[in-house]
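What follows is a set of notes on a single structure, which appears directly below.
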Amino acid sequence: VGGPRPPVVSAQAVGETGRVRPLRPGISIAHVDVSAGTLGAFVTVAGRLHALSNYHVLVGSPSASVGDAVLQPGPADGGQDPGDRVGTLAAFVPLVPGTTALVDAAVAALDDADVDATYPAGPVTTTAPVLGAEEVEKIGRTTGVTRGRVTAIELDDVVVGYGAELGELSFDDQIEVEGLGSGPFSRGGDSGSLVYLPDGGAAAAVGLLFAGSESGGENGTGLTYLNPIGAVLEALEAELVG
724 VGGPRPPVVS
734 AQAVGETGRV
744 RPLRPGISIA
754 HVDVSAGTLG
764 AFVTVAGRLH
774 ALSNYHVLVG
784 SPSASVGDAV
794 LQPGPADGGQ
804 DPGDRVGTLA
814 AFVPLVPGTT
824 ALVDAAVAAL
834 DDADVDATYP
844 AGPVTTTAPV
854 LGAEEVEKIG
864 RTTGVTRGRV
874 TAIELDDVVV
884 GYGAELGELS
894 FDDQIEVEGL
904 GSGPFSRGGD
914 SGSLVYLPDG
924 GAAAAVGLLF
934 AGSESGGENG
944 TGLTYLNPIG
954 AVLEALEAEL
964 VG
């Protein structure tokens with residue numbers, strides 16, 4: 724399906740690429756040595772507040788270590804260590820060359836617990852399975868709030884390119900989404916976005932955005948791929964905070 728929605732600068736960004744306090748979903752964030760991706764949601768791990776995003780946003784490389792600085796905004800959006808440090812890499816699901824993966828996920832332990840966890844769709848503390856054809860929403864660093872439709876579930880052999888260090892990895896049990904309207908559901912830099920079923924202030928999470936293609940879908944603007952949120956939370960031993 725092509726490469727992941729990589730954390731990159733986009734001149735067309737309509738989302739939050741600047742410094743935002745208190746922290747909230749949809750803003751630029753990244754490991755100190757990565758460019759910029761999206762803060763997807765807030766979770767608790769062992770009772771402490773964390774930011775949830777992708778491995779390739781909060782870790783980026785097998786050479787990264789727990790305790791590394793995480794910046795908001797990400798370095799590509801002007802973030803500088805230590806002035807924009809908001810936390811440290813705390814835990815991640817390793818991505819191993821030559822193996823089949825289920826999730827591209829990591830969390831950063833936050834230095835400050837003053838966050839806006841309800842932006843923009845109200846509290847998201849529950850999860851929901853998808854069966855196909857559901858309308859979903861996300862807020863991302865590049866494209867802001869967009870709506871899409873689930874076009875496939877339980878997809879296996881979703882092959883994603885991660886560059887020289889990790890090569891191509893295959894993912895099983897993934898969710899596919901196409902954009903509604905004339906635009907794409909996601910672009911580069913939206914990696915890490917939480918995808919949810921909007922429901923008038925009581926949204927339910929369905930997946931963590933991690934990859935996409937530049938073509939496909941009914942409107943021809945590309946397809947987006949999600950890790951099922953249940954698998955993400957289970958792997959990180961995390962609970963959503965809304």
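Each residue of the sequence shown is one higher than the one before, starting from 724 at the first, in our numbering. We put the CB at the ideal spot given by N, CA and C, even for glycine. As the structure is a prediction and not an experimental result, all values here were calculated from the model.
Residue environment: Thr811 is assigned as buried (16 or more neighbouring CB atoms within 10 Å of its CB, all protein chains considered). Within 10 angstroms of the beta-carbon of Ala927 lie 16 or more other beta-carbons, which makes it buried.
Ser905 counts as exposed, since fewer than 16 other beta carbons sit within 10 angstroms of its beta carbon. If you check the CB distance, Val964 and Val766 come in under 8 Å.
Taken through DSSP and simplified to helix, strand or coil, Tyr885 comes out as coil. Across the structure, Leu833 and Pro745 are spaced so that their CA atoms are roughly 12 Å apart. Per DSSP, reduced to three states, the secondary structure at Ala856 is coil, with no helix or strand assignment. Under the 10 Å beta carbon count, Ser893 is surrounded by fewer than 16 other beta carbons and is classified as exposed. Under the three-state reduction of DSSP, Val782 is assigned to coil, being neither helix nor strand. Taking all protein chains shown into account, Ala836 has fewer than 16 neighbouring C-beta atoms within 10 Å of its C-beta and is therefore exposed.
Rounded to the nearest whole angstrom, the CA to CA distance from Tyr948 to Phe908 is 10 Å. The continuous stretches of beta strand (DSSP E) do not include Ala759, and DSSP gives it neither H nor E. By the neighbour-count criterion, in which 16 or more other beta carbons inside 10 Å mark a residue as buried, Pro852 falls on the exposed side. Counting of Cβ neighbours within 10 angstroms places Gln803 among the exposed residues, the total staying below 16. Residues Gly945 of the same chain have their beta carbon placed closer than 6 Å to that of Glu937, with the five preceding and five following residues left out of the count. Distance check between Ala814 and each of Leu903, Pro846 and Asp827 places Asp827 closest, using alpha-carbon atoms only.
The segment 879–886 and the segment 838–849 do not touch, with fewer than 3 CB-CB distances between them shorter than 8 Å. Leu903 and Val868 have their alpha carbons spaced roughly 12 Å apart. Residues of the same chain with a CB within less than 6 Å of the CB of Asp880, apart from the 5 flanking positions on each side, are Ser893 in chain order. Taking a cut-off of 8 Å on C-beta distances, the segment 770–777 does not touch the segment 854–870, as fewer than three cross pairs fall below it. Shown here, Leu812 sits in a strand according to DSSP, grouped into three states. When the beta-carbon positions are compared, Asp800 and Ala759 come within less than 8 Å of each other. The C-beta of Ser916 has 16 or more other C-beta atoms within 10 Å across all chains shown, which makes the residue buried. With a cutoff of 8 Å on beta-carbon distance, Val847 and Thr874 are scored as not near each other.
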